[in-house]
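Protein chains in written order, with our numbering: chain A, 4 to 765; chain B, 10 to 259.
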């Protein structure tokens, strides 16, 4: 005996005929009944007509029942509970405080979970409860264990990124046993950095609607609604010196009334650009373009910063750092000439031909003593633009060349000389080329110009010595890049020795301490002296006949290459071409993650002779955009090849400048170089950690859910409760094989036949 | 007119004192020293022309010049110490040897400047024919073409509206460009002849048809030429353009 207790039944067809055959049979029966009705239309008695049609319809219906083989299905049915997915944000942004000086968001979330455990128990009687942690992936979690680990909340928040839509979709699909989804509950700070990073999108809306279940969202950290953040900083990786750089800054503000926020761009603590944007009062995001003009080449760390206002949820996101490499498009040279000469002509021709040089020239073509025998309008002469060259435009030049140029009273230069010297000390370059008006004859002696030149200007004798000079390399000149005409020491010395004699030299005072003589005459008179003053470089060439190394050399079948090589090398050295820098420091990376390895600097150090400075003592000092005072940060000793690696200590997020100084073992200076880098968290999770309750609200709106308050009870939330029936056992019994059906069919057919015969139908 | 010894001496002293002297220390290297190309023909038809041009240049501009004109053959290595050389004659220039032509080619390609001045001022004359033939050998890849009036030669110091000389045989000068600069200038109008003064300061040759006004224009062209060779296209730098355009309109 079958012991199963069936609690439901339904009618069914047990026929083995295909559906289309049964449909065809039904149509044929209907057609037959209609035809038979047409056959008795002429019957005058309406009663007879009705009786015959009724009998035929009844017979057709019974015949159809026989074909359908009707049966009864007995079922043992049970109802399935729907499921609720609870998602808890475990990304790193949950480490930030939920409120100023309050617990972390993760801690606040777990505290809430703990307080809602009774609600979950109540819900568990009606629903299946699945609890997950999520960041960029989904992990099942035990709510009881989580509630017991409020104190270790920071360990939970380790996820590298946040993908709320992905987590909701995964949770919806993760249910077991095909249980219907009653709803989802997500507790998060809303700091999504995946699909919702720019807010709700049509794609995200479509994905959320596919859930077909309401999402109830608990914004964590939403209490700290007041927050200002530099959300985005967009700037090119490199810029050209003296060309405007524009930084696109996106600022977001929550909980602010209409406020003017001053934004600044700082380099090494100095403000280089600033702008005020208005945020708040309905404006949650504002964009600003801050522009500045870098005045020197190199790699610099910049910081975009906004003030930290009282009551802000986070202070860390009020600034952003970036590194900008400033390069030259072309070397900008101003050539100031006291009088036209062949030396001027050949140098100008060389510089004008060089595509890497942007040459600005000014030649003195007439002096007060000259008589042009014409009116001014018949001349092409222009006034000496001293103010424009030496004041307004001075800092736009990489190199100033004075060629046979003196400080004549009628030039009125005195007011600019201090500025020119400052320009050099601050990173500019000055080259002075000889001539009858240069050096001791220049009237620059005792001025600021004198103080930056590598040679003294005071001489006791004649300002010019006519004894021809055959130049030769000094020991310093043998390795210096300015005097490297050809590779190889011997070959280079030979190349210099072959050059034509110079017809005479300017007399100069003593070579200064910070200078190096690279070329001398056979009798020791200095020909080429270079020096460093502050951050700038200077060069003194005591002849106005360097063109001999070009044209006269060409006449001697030597060719002009030496002249070109010399001047190209001199200009590159003067403007600090990185390739000619004796000491270089390079950060291992542009940006270091504060949670990863500490910053590392790779150093290559060469001495003033450009040879590897083995054994040099290296010391690194670091300063930040906030604190410009340098502090010791590491040291190392250069290896035999002059290289070294300095590992700095862990540094907090910010922009930094590292200055590495090298000293010889005996304490003598070797050189100094600097590098810029930034320390900031990698990825957007910690860069944009501000709570975004608006994102959670949008999710709730799209899914017809609700934004929760911490005090809201969970067991009263309007979860869906879809009917889902599971059939355990079923049994079918046929109805057609009952004798009564067949007997009824026979009776009806017999009655119809009998009546038809009696009423006179065939 | 007869010249006594005393008169000659006085004239020489006067000429020396009147030279716009400045301190001379580096020698010729820093000065503009004209060189006269010595060839097999009448290579120096206007011996007083170039010294006088040097005097005018020194007097009118800041350029330091030398009164001495160097006479050098094309094959002389010293030619390369004087980047401004003048080829002149009033008769045909004899054919030069290949070595001399090669030296001049090298001279021009490395930065030298050659002024070819037809002292005969005879269009299509023997000098012009021979000079063109010689230039074709020296710069086979180049061709004498008209120097346009917009060329910086006409604004390198004075604002000029065209060339001239002792004569006005043709209204234009021609030139050959080498490496982006005017390396050869051919003057058909006896330019140097317009400068020539005798030892007493009198002009040696009459200037036709414009007289002294034309002479002054010729001197100005000479000054511009000297300025151009030392400054090249300096006056085409952007800073000068508005000034020059304004004055051109006056």
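Think of the CB as a built atom: it goes at the ideal place given N, C-alpha and C, for glycine as much as any other residue.
Starting from the beta carbon of residue i, find every residue of chain B whose beta carbon is closer than 9 Å, and list them in chain order.
i                     : result
residue 554 (chain A) : 89, 90, 92, 116, 119, 120, 121
residue 364 (chain A) : 240, 243, 246, 248
At least one CB of chain A closer than 8 Å to the CB of residue i: is that the case?
i                     : result
residue 70 (chain B)  : yes
residue 32 (chain B)  : Caution is warranted here: a pLDDT of 45 is assigned to residue 32 (chain B), below 50, making its placement in the model unreliable, and the coordinate value is therefore given only provisionally. Yes - at least one Cβ of chain A is within 8 Å of the one on residue 32 (chain B).
residue 256 (chain B) : yes
residue 248 (chain B) : yes
residue 204 (chain B) : no
residue 238 (chain B) : yes
residue 76 (chain B)  : no
residue 185 (chain B) : no
residue 139 (chain B) : no
residue 172 (chain B) : no
residue 159 (chain B) : no
Does residue i get closer than 8 Å to chain B when you measure Cβ to Cβ?
i                     : result
residue 563 (chain A) : yes
residue 419 (chain A) : no
residue 368 (chain A) : yes
residue 551 (chain A) : yes
residue 506 (chain A) : yes
residue 399 (chain A) : no
residue 387 (chain A) : no
residue 774 (chain A) : This structure gives no information on residue 774 (chain A), because the portion of chain A shown stretches from 4 to 765.
residue 469 (chain A) : yes
residue 166 (chain A) : no
residue 253 (chain A) : no
residue 344 (chain A) : yes
residue 375 (chain A) : yes
residue 697 (chain A) : no
residue 526 (chain A) : no
Might you give, ordered along the chain, the residues of its own chain that have their beta carbon closer than 8 Å to the beta carbon of residue i, omitting 5 neighbours on each side?
i                     : result
residue 265 (chain A) : 277, 278, 279, 309, 310
residue 29 (chain B)  : Because the pLDDT at residue 29 (chain B) is just 49, under 50, the model does not fix this residue reliably, and the point stays unresolved.
residue 73 (chain A)  : 14, 15, 16, 17, 737, 738, 739
Excluding five sequence neighbours on each side, which residues of the same chain lie with their C-beta closer than 6 Å to the C-beta of residue i?
i                     : result
residue 19 (chain B)  : Model confidence at residue 19 (chain B) stands at a pLDDT of 48, short of 50, so the residue's coordinates are unreliable; what they give is reported in the following sentence. Closer than 6 Å at Cβ, skipping near neighbours: no residue.
residue 363 (chain A) : 337
residue 241 (chain A) : 328, 330
residue 242 (chain B) : 161
Going by C-alpha distance, which of the options is nearest residue i?
i                     : options                    : result
residue 121 (chain B) : B:87, B:75, B:212          : B:87
residue 126 (chain B) : B:227, B:198, B:180, B:44  : B:198
residue 443 (chain A) : A:361, A:463, A:540        : A:463
residue 248 (chain A) : A:135, A:254, A:239        : A:239
residue 9 (chain A)   : A:732, A:757, A:621        : A:732
residue 199 (chain A) : A:757, A:710, A:691, A:720 : A:691
residue 77 (chain A)  : A:343, A:236, A:579, A:738 : A:738
residue 167 (chain A) : A:623, A:154, A:113, A:94  : A:94
residue 671 (chain A) : A:610, A:91, A:509, A:246  : A:610
residue 474 (chain A) : A:522, A:494, A:461, A:481 : A:522
residue 482 (chain A) : A:74, A:498, A:614, A:414  : A:614
residue 78 (chain B)  : B:213, B:41, B:70, B:101   : B:41
residue 108 (chain A) : A:210, A:53, A:213, A:192  : A:192
Run down chain B in chain order and give the residues with a C-beta less than 8 Å from the C-beta of residue i.
i                     : result
residue 352 (chain A) : 120, 190, 241
residue 347 (chain A) : 239, 240
Between residue i and the rest of its own chain, which residues show a CB-CB distance below 7 Å, the 5 nearest in sequence each way excluded?
i                     : result
residue 31 (chain B)  : At residue 31 (chain B) the pLDDT is 47, less than 50, meaning the model places this residue with poor confidence and gives no usable figure here.
residue 318 (chain A) : 311
residue 176 (chain B) : 130, 198, 199, 217
Give the interface partners of residue i over in chain A, defined as CB-CB distance under 7 Å, in chain order.
i                     : result
residue 244 (chain B) : 383
residue 166 (chain B) : 368, 382, 383
residue 253 (chain B) : 383
Would you mind telling me which residues of chain B sit closer than 7 Å to residue i, beta carbon to beta carbon, in chain order?
i                     : result
residue 570 (chain A) : In chain order: nothing, as chain B lies at least about 14 Å away.
In chain A, what lies closer than 8 Å to residue i by C-beta?
i                    : result
residue 86 (chain B) : 558, 559
residue 73 (chain B) : 342, 344, 439
>> Quick check on the DSSP output: what are the complete beta strand (DSSP E) runs of length 3 or more inside the stretch 476-559 of chain A, in order along the chain?
In response: 518-523, 529-536, 539-544
> Going along the chain, which unbroken runs of the alpha helix (DSSP H) with 4 or more residues stay wholly within the stretch 56-94 of chain B?
Replying inline: 58-69
> Which ranges does the beta strand (DSSP E) cover as unbroken runs of at least 3 residues, wholly within the stretch 218-293 of chain A, from first to last along the chain?
Replying inline: 218-222, 230-237, 241-243, 248-257, 262-270, 273-282
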